[in-house]
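Participant: Residue numbers (this note's numbering): 930 to 1306.
Note that CB positions come from ideal geometry on N, CA and C, so glycine has one too.
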């Protein structure tokens, strides 16, 4: 799992008057709204004696630890230590990690890493957002599986024929093959456009595709945990989807699926669209939860790749690039020390300030990543 990317932490409506605990990258965070109504995200571990901030209370812009009442700002600065008295000077080492937050599309995102603002990878752009003639819906759900496996499923053109009866013929087309994949390289990912034969849509959506025919689909990844998918059911009717993954840990994911459509714009149609999207998503969930091994293999030689897997190979190549930057968490070390060491994701403030109480998660350096890869060949 990687630091230095944006992760979806909660929906807008979930972040209200009470702090909530959110797990991501195998670490706990507290998400809440300050007195100004803006969402905040902090490491959940109090530097005093390990109390949970999410179990505490809000006092205006401050969040109080549930254990001894220490109070912190949304920027991680400790403002009150009750046991020292009201006039006590607060030591600088009492600060905790605070993370940049963006609220978009009904989702609260946190940048979990220490890069300065100008170097941070962006959240995937959604050009349809706020545009006339487009309507959004948002659903979210859990998967018991690995987030890299899930991303690879999303950018796999060959699985539709067998997994999704809405997109393929369940393997009954004897002439089936994956045709040309038209590459779409981007700064933070890789994708493609693809044309394939699809069955007619069910009666309630039949006007968008009345009979079997060509379906234009584009898809690709953005960073390690985001996917864009454009489904053009006809030259006029478009369904654009944006998938944001929160890796809870290496074996559990929470998915946020934002769907934009330029048809069926009546709000009364939202329920039908959500049902449809969740129906398709559940088919993917069944596949992902049954994959073996749970994690992606350490090298591509441990799986037999075909030309239709090109985007998946490109995704894994990007992961290796981020390995080389030293952005991958050393989960072996985290697990080894899980019962005796409190870790946290390093925040941007660590670039300027030293002497933190809670250790940053151990990272796999570029040399280590290369050595581990060589050892598995």
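(1) For residue 1039, which residues does DSSP report across the bridge?
(2) Compute the beta-carbon to beta-carbon distance between residue 996 and residue 1021, rounded to the nearest angstrom, for a pair I have assumed lies under 8 Å.
(3) Cutting at 6 Å between CB atoms, please list the residues of its own chain near residue 1122, excluding the five before and the five after it.
(4) Restricting to Cα atoms, I'd like to know which of 1143, 1193, 1173 is closest to residue 1150.
(5) Run through the DSSP bridge pairs and tell me what residue 1074 is partnered with.
(6) Take residue 1079 as the anchor and find which of 1124, 1029, 1212 has the nearest alpha-carbon.
(7) Check residue 1280 in the structure and name its three-state DSSP category.
(8) Whose C-beta lies closer than 6 Å to the C-beta of residue 1257 among residues of the same chain, with five residues either side of it excluded?
(9) Output the distance between the C-alpha atoms of residue 1254 and residue 1275, rounded to the nearest integer angstrom.
(10) Can you check whether the CB of residue 944 is closer than 7 Å to the CB of residue 962?
(11) If you reduce the DSSP assignment to three classes, tell me which class residue 947 lands in.
(12) Rounded to whole angstroms, what is the Cα-Cα separation between residue 1200 and residue 1069?
(13) Would you decide whether residue 1152 is buried or exposed? Buried here means 16 or more other CB atoms lie within 10 Å of its CB.
(14) Please name the residue or residues paired with residue 1000 in a DSSP beta bridge.
(15) Skipping 5 residues on each side, what residues in its chain have a beta carbon closer than 8 Å to that of residue 1306?
(16) Evaluate contact between the stretch 1004 to 1023 and the stretch 1041 to 1060, counting only Cβ atoms and requiring at least three cross-stretch pairs below 8 Å.
(17) Is residue 1253 helix, strand or coil when you go by DSSP?
(18) Considering only C-alpha positions, which residue in the set 1062, 1002, 1052 is nearest to residue 1166?
(19) Determine, using beta-carbon pairs with one atom in the stretch 1047 to 1054 and one in the stretch 1181 to 1200, whether at least three such pairs fall under 8 Å.
(20) One question on the structure: do residue 1124 and residue 1145 come within less than 7 Å of each other, judged by their Cβ atoms?
(21) Please report the distance separating the alpha-carbon of residue 1280 from that of residue 1168.
(22) Which residues bound the alpha helix (DSSP H) around residue 1182?
(23) Can you tell which of 941, 1160, 1156 has the C-alpha that lies nearest to the C-alpha of residue 1030?
(24) If we call anything under 7 Å between Cβ atoms a contact, is residue 1009 one with residue 1000?
(25) Is the beta carbon of residue 1272 sitting closer than 7 Å to the one on residue 1286?
(26) Could you compute how far the alpha carbon of residue 1065 sits from the alpha carbon of residue 1084?
(27) For residue 1093, which residues in the same chain have their Cβ closer than 7 Å to its Cβ, ignoring the five residues on either side in sequence?
(28) Quick one: using the 10 Å Cβ neighbour count with 16 as the cut-off for buried, is residue 1234 buried or exposed?
(29) Consult DSSP for residue 1306 and reduce its assignment to one of helix, strand or coil.
(30) Alpha carbon to alpha carbon, what distance is there between residue 1282 and residue 984?
(31) Kindly indicate which residue of 964, 998, 1007 has the alpha-carbon position closest to the one of residue 989.
Facilitator: Once the coordinates are examined:
(1) Numbered from 1 along the chain shown, position 110 holds the residue referred to as residue 1039. Answer is 936, 1030, bridged to residue 1039.
(2) Within the chain shown, residue 996 is the residue found at index 67, counting from 1. Within the chain shown, residue 1021 is the residue found at index 92, counting from 1. 21 Å between Cβ atoms; not a contact.
(3) If you number the chain shown from 1, residue 1122 lands on position 193. Once the five neighbours on either side are set aside, the close Cβ partners of residue 1122 are 1111, 1147.
(4) Translated into positions along the chain shown, residue 1150 becomes position 221. Selected option, being the one with the closest Cα: 1173.
(5) Along the chain shown, one-based indexing puts residue 1074 at 145. DSSP lists no partner for residue 1074.
(6) Taking the first residue of the chain shown as 1, we reach residue 1079 at position 150. Ranking 1124, 1029, 1212 by Cα distance to residue 1079 puts 1212 first.
(7) Translated into the one-based positions of the chain shown, residue 1280 becomes position 351. Per DSSP, reduced to three states, the secondary structure at residue 1280 is helical.
(8) Reading the chain shown from its first residue, position 328 is the one you call residue 1257. In the same chain as residue 1257, and ignoring 5 residues on each side of it, the C-beta atoms closer than 6 Å to its own belong to 931, 1293, in chain order.
(9) As a first step, residue 1254 must be located in the chain shown, where it is residue number 325. As a first step, residue 1275 must be located in the chain shown, where it is residue number 346. Cα to Cα, residue 1254 sits roughly 15 Å from residue 1275.
(10) As a position in the chain shown, residue 962 is number 33, starting the count at 1. As a position in the chain shown, residue 944 is number 15, starting the count at 1. Contact: yes.
(11) Numbered from 1 along the chain shown, position 18 holds the residue referred to as residue 947. In this structure, residue 947 counts as coil in the three-state DSSP scheme.
(12) Numbered from its first residue, the chain shown carries residue 1200 at position 271. Numbered from its first residue, the chain shown carries residue 1069 at position 140. C-alpha of residue 1200 to C-alpha of residue 1069: approximately 14 Å in a straight line.
(13) Here residue 1152 refers to the residue found at position 223 when the chain shown is read from its first residue. It is buried - the Cβ of residue 1152 has at least 16 other Cβ atoms within 10 Å.
(14) Looking up residue 1000 in the chain shown gives position 71. Residue 1000 is bridged to 993, 1009.
(15) As a position in the chain shown, residue 1306 is number 377, starting the count at 1. For residue 1306, the pLDDT reaches just 49, beneath the cut-off of 50, and the residue's location in the model is therefore unreliable, leaving the point undetermined.
(16) No, the stretch 1004 to 1023 is not in contact with the stretch 1041 to 1060.
(17) Residue 1253 sits at position 324 when you count from the first residue of the chain shown. Of the three classes helix, strand and coil, the one that applies to residue 1253 here is helix, per DSSP.
(18) Here residue 1166 refers to the residue found at position 237 when the chain shown is read from its first residue. Per the Cα distances, 1062.
(19) Taking a cut-off of 8 Å on C-beta distances, the stretch 1047 to 1054 does not touch the stretch 1181 to 1200, as fewer than three cross pairs fall below it.
(20) By one-based count along the chain shown, residue 1124 stands at place 195. By one-based count along the chain shown, residue 1145 stands at place 216. Their beta carbons are under 7 Å apart, which means residue 1124 touches residue 1145 by this criterion.
(21) Locating residue 1280 in the chain shown gives position 351, counting from the first residue. Locating residue 1168 in the chain shown gives position 239, counting from the first residue. Between the alpha carbons of residue 1280 and residue 1168 lies a gap of roughly 42 Å.
(22) Residue mapping note: residue 1182 aligns to position 253 of the chain shown, counting from 1. Taken as a continuous stretch (DSSP letters only), residue 1182 belongs to no alpha helix (DSSP H), being part of the beta strand (DSSP E) at 1181 to 1190.
(23) One-based indexing of the chain shown puts residue 1030 at position 101. It is 941.
(24) If you number the chain shown from 1, residue 1009 lands on position 80. If you number the chain shown from 1, residue 1000 lands on position 71. Closer than 7 Å, so yes.
(25) On the chain shown, residue 1272 is found 343 positions in, with the first residue counted as 1. On the chain shown, residue 1286 is found 357 positions in, with the first residue counted as 1. No, these two residues do not count as a Cβ contact at 7 Å.
(26) For this step, residue 1065 is matched to residue 136 along the chain shown. For this step, residue 1084 is matched to residue 155 along the chain shown. Going by C-alpha positions, residue 1065 is about 22 Å away from residue 1084.
(27) To locate residue 1093, count along the chain shown from 1; it is residue 164. Within the same chain, and ignoring the five residues on either side of residue 1093 in sequence, the residues whose Cβ sits closer than 7 Å to its Cβ are 1209, 1212.
(28) Reading the chain shown from its first residue, position 305 is the one you call residue 1234. Classification for residue 1234: exposed.
(29) Taking the chain shown and counting its residues from 1, one reaches residue 1306 at position 377. With a pLDDT of only 49 at residue 1306, under 50, the local geometry of the prediction cannot be trusted, and the value read off the model is given with reservation. The answer is coil: DSSP assigns residue 1306 none of H, G, I, E or B.
(30) Taking the first residue of the chain shown as 1, we reach residue 984 at position 55. Taking the first residue of the chain shown as 1, we reach residue 1282 at position 353. Their Cα atoms are separated by approximately 27 Å.
(31) Mapped onto the chain shown, residue 989 falls at position 60. Measuring from the Cα of residue 989, the nearest candidate turns out to be 964.
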